[in-house]
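Worksheet: the structure to be examined is printed underneath.
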Amino acid sequence: QARLASVLMSLLPPRNRWWSMRLRSYLSQLWGMSIGSDAVSDITLLDQGFVQIIFSIVLLSGIADRRRIAEALASVPKPDLVIRVDAPSKVLEVRLLERWKHLGLVQRWLELDPQTRPDQVKTVEVLSELLASKGQHFVTVSCTDKSSLAAAIEEILAEVRSRAGMPSETVTPAEREIDRASSGGPG
Numbered sequence: 025q026a027r028l029a030s031v032l033m034s035l036l037p038p039r040n041r042w043w044s045m046r047l048r049s050y051l052s053q054l055w056g057m058s059i060g061s062d063a064v065s066d067i068t069l070l071d072q073g074f075v076q077i078i079f080s081i082v083l084l085s086g087i088a089d090r091r092r093i094a095e096a097l098a099s100v101p102k103p104d105l106v107i108r109v110d111a112p113s114k115v116l117e118v119r120l121l122e123r124w125k126h127l128g129l130v131q132r133w134l135e136l137d138p139q140t141r142p143d144q145v146k147t148v149e150v151l152s153e154l155l156a157s158k159g160q161h162f163v164t165v166s167c168t169d170k171s172s173l174a175a176a177i178e179e180i181l182a183e184v185r186s187r188a189g190m191p192s193e194t195v196t197p198a199e200r201e202i203d204r205a206s207s208g209g210p211g
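Under our numbering, read the sequence shown as residues 25 to 211, first letter to last.
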């Protein structure tokens, strides 16, 4: 894990030492989740896994060299499936600004500036192209409101079930938890 952090930081060094330390810590935590080990036998979903950390490192380094980004992607464990959530620019701007308003001073300092939005879109496109060129499996969903969120979740679940060889009508423990949480009751 220390070697991975060193490789990534040498390929795409963040412009800020604090971000470098934060990303190294995050990488260590992510690696500690036993990704790729035999200990993980069930389906494991990671919000902001290794692809996300490459995204963050690219933004924080300011380096747009596709060769370096491809090298960084090749150095991390390959996910079985990448879920890309798209939304219109205006929706994303509103969400980011609303989130920014609710952050405290320290949290704002640790977050990306909401003005990096154009760079984020370009970076997502570059990562998507590079991953697709290597045969990475994707599910791309659109999420603009609660009803599209429900449809997106169904699409993701269908893909995960399909990849896991599960019948489409299977209800997993995670789905029971989602149902309980959305209905407000113990289920």
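Ideal Cβ placement from N, Cα and C applies to all residues, glycine included. These figures come from a predicted structure and were not determined experimentally.
Original post:
Taking the alpha-carbon positions, what's the cysteine 167 to leucine 173 distance?
Top reply: Each residue's Cα considered, the two are about 5 Å apart.
Original post:
Can valine 115 be considered in contact with the ligand SAH, in the sense that its beta carbon sits closer than 7 Å to one or more heavy atoms?
Top reply: In the structure on display, the ligand SAH does not appear, and there are no ligands present to speak of.
**OP:** Please report the Cβ distance between leucine 83 and threonine 147, rounded to the nearest whole angstrom; I am assuming they are in contact, meaning their Cβ atoms lie under 8 Å.
**Re:** Indeed, because the Cβ distance is near 6 Å, the residues count as touching under 8 Å.
Original post:
The alpha helix (DSSP H) with serine 192 in it runs from where to where?
Top reply: From DSSP, serine 192 is part of no alpha helix (DSSP H); its letter is neither H nor E.
**OP:** Return the CA-CA distance between lysine 102 and leucine 155, expressed in angstroms with no decimal places.
**Re:** Between lysine 102 and leucine 155, the alpha-carbon positions lie close to 10 Å from each other.
Original post:
So, are the CB atoms of serine 85 and leucine 36 less than 8 Å apart?
Top reply: Result yes, Cβ atoms of serine 85 and leucine 36 sit closer than 8 Å.
**OP:** Could you check which residue in Asp89, Arg90, Ala96 and Ala88 has the C-alpha nearest to that of isoleucine 78?
**Re:** When each option's Cα is compared against that of isoleucine 78, the closest is Ala96.
**OP:** Assign valine 100 to one of three DSSP states: helix, strand, or coil.
**Re:** Coil.
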